[in-house]
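When the letters of the sequence shown are read in order and numbered with the UniProt record's numbering, they come out as residues 1 to 399.
Ideal Cβ placement from N, Cα and C applies to all residues, glycine included.
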Amino acid sequence: MVQKALEEISRGTAEVIDMERIEKLVSKYYNDGSTYTVKAGFDPTGADLHLGHTVLLQKLRTFQNHGGRVQLLIGDFTATIGDPTGKSETRKVLDNDTIMANAKTYQEQVFNILDESKTEVVFNSTWLNKLGAAGMVALTTTFSVARMLERDDFTKRFKNEQSISISEFLYPLLQGYDSVELKSDIEIGGTDQKFNLLMGRHLQRVYNVGKEQAVLMMPILEGLDGVQKMSKSLNNYIGITEEPNDIYAKTLSTSDELMWRYYELLSERSLEDIATMKEDVQKGTLHPKTVKENLALELVTRFYNEELATLAKGEFDNVFKSNQLPTDMNEVEVEEGIWICKALVDAGIEPSTSQARRDIKQNAVSIDQEKISDEKLNLTAGEYILQVGKRKFAKVKVK
């Protein structure tokens with residue numbers, strides 16, 4: 001059983017530091033029932049979680065299945081600084097109201113995946129506010145500026161003479177200090193977090209915690225474009241609170257290559273099942289679209305239920321296979337003479353008029369299922385079905 005547990009824990013990982021410690025913790029659980037702690041931190045800098053976030057959450061759930069008690073750390077203090085990881089400039093400071101609103105949303109969403117009875121939600125402001133000036137100065141003595149500048153993103157910014165604030169040097173120290181306070185046995189994070197995760201091991205040693213946390217790193221999930229990491233700002237994401245039809249359709253839009261990546265990191269199907277599907281696709285006995293449909297059904301079922309997943313599939317087949325219009329679409333009323341780009345934004349199927357203009361130029365916009373090319377078009381009185389790409393529809397009544 002221990003070996004099976006370790007295989008599940010190792011699945012999809014990019015790097016593990018001190019696997020021997022993880023093996024001892026899991027073995028002890030199966031030998032005498034002793035639990036252990038697994039920390040993962042989330043800075044509530046955005047309101048909603050997407051599938052990229054769930055890569056870590058699902059790994060936490062795997063640990064919960066094998067004796068781990070999750071320390072879900074909400075970085076309400078560190079969010080005021082902003083994680084400098086991968087950033088070419090200092091991040092904007094968020095106000096406390098925004099941070100707490102986002103934190104509340106996070107807590108509502110994570111238990112779609114995590115077992116709440118095996119999860120402790122903690123806020124790092126609890127101890128970091130108490131650290132005080134003396135404690136903060138003491139913390140800064142544990143690491144040198146030279147070592148801090150070894151960090152890749154700091155090195156690049158320093159060489160390019162780009163600003164690095166002192167607060168950004170504090171961020172990895174504070175994240176590491178969280179592990180001191182929590183006495184974490186294991187911490188998990190993305191590969192881009194390696195510097196911060198190792199800081200936890202370093203500080204546990206400095207502060208004589210009596211242990212050094214193992215570190216498990218997961219790869220960064222690519223977005224729907226298959227290139228850049230999944231991000232709301234890049235509009236290449238699947239949000240876990242999106243409508244079932246949207247989750248289903250977006251999953252179907254992934255490339256055949258990306259589909260397998262999503263299976264490995266997001267699906268609960270066994271690696272043996274996934275390998276068998278790959279073989280069947282290569283032999284031509286299984287169509288890639290069927291494989292994507294199964295993944296889409298699994299994801300919608302996870303975040304909603306099986307009935308809504310089945311309905312989402314039916315709606316998708318109705319629209320895309322039969323070239324019919326969706327049965328449920330947003331309806332808006334606008335004034336006669338409205339600019340088409342403004343109408344698309346008001347209907348909620350374009351984020352901005354500039355994006356609408358680009359999509360019209362790329363032949364991605366239709367009115368009543370006819371492609372349009374005139375980005376300066378004004379709508380006369382009547383009712384229209386506006387469409388962007390294959391998935392976005394709206395009914396517009398022009399008065």
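In this model, residue 72 and residue 99 are separated by some 16 Å (Cα to Cα). Buried is the label assigned to residue 58, since at least 16 other Cβ atoms lie within 10 Å of its Cβ. Burial check for residue 394: the Cβ neighbour count within 10 Å reaches 16 or more, so the residue is buried. DSSP, reduced to helix, strand and coil, places residue 1 outside both helices and strands of the structure shown, so it counts as coil.
Listed as beta-bridge partners of residue 39 by DSSP are 71, 187. According to DSSP, residue pairing for residue 387 in a beta bridge involves 366, 393.
Under DSSP, residue 239 shares a beta bridge with 50. The criterion of a C-beta distance shorter than 8 Å is not satisfied by residue 381 and residue 331. Counting C-beta pairs closer than 8 Å gives three or more between the segment 290-300 and the segment 253-264, which meets the contact rule. When C-beta atoms of the segment 172-183 are compared with those of the segment 21-29, fewer than three pairs fall below 8 Å, so the two segments do not count as touching. Inter-residue distance for residue 223 and residue 39 is about 25 Å (C-alpha atoms, whole angstroms). Approximately 7 Å separates the beta-carbon atoms of residue 266 and residue 299; this is inside 8 Å, confirming the contact.
Between residue 78 and residue 43, the C-beta spacing is below 8 Å. Where residue 294 is concerned, the enclosing alpha helix (DSSP H) starts and stops at 288-303. By the 16-neighbour rule on beta-carbons within 10 angstroms, residue 279 is exposed. Across the structure, residue 286 and residue 296 are spaced so that their CA atoms are roughly 16 Å apart. Bridge pairing for residue 217: 15, 189 [DSSP].
With 16 or more neighbouring CB atoms inside 10 Å of its own CB, residue 392 falls in the buried class. In the DSSP assignment, the residues bridged to residue 123 are 74. Distances from the alpha-carbon of residue 32 to those of 124, 357, 2 put 2 closest.
Residue 330 is bridged by DSSP to 394. By the 16-neighbour rule on beta-carbons within 10 angstroms, residue 247 is buried. Classified as buried, residue 52 has 16 or more neighbouring CB atoms from the shown chains inside 10 Å of its CB. DSSP, read as helix, strand or coil, puts residue 378 in strand. Taking 8 Å as the upper bound for CB-CB distance, residue 221 and residue 232 are not in contact here, some 13 Å apart. When the beta-carbon positions are compared, residue 113 and residue 61 come within less than 8 Å of each other. When DSSP states are grouped into helix, strand and coil, residue 7 belongs to the helix group. Annotated three-state conformation of residue 232 is coil, per DSSP. For residue 375, the closest alpha carbon among the candidates 358, 65, 389 is that of 358. By the beta-carbon neighbour count (other beta carbons within 10 angstroms, threshold 16), residue 9 is buried.
Between the segment 190-207 and the segment 138-146 there are three or more C-beta pairs closer than 8 Å, enough to call the two in contact. Where residue 347 is concerned, there is no enclosing alpha helix (DSSP H), because DSSP gives it neither an H nor an E. In the displayed model, residue 371 falls within a strand according to three-state DSSP.
By the neighbour-count criterion, in which 16 or more other beta carbons inside 10 Å mark a residue as buried, residue 312 falls on the buried side.
When rounded, the separation of the alpha-carbon atoms in residue 347 and residue 317 is 24 Å. Selection 344, 319, 122 evaluated against residue 364 yields 344 as nearest (Cα-Cα).
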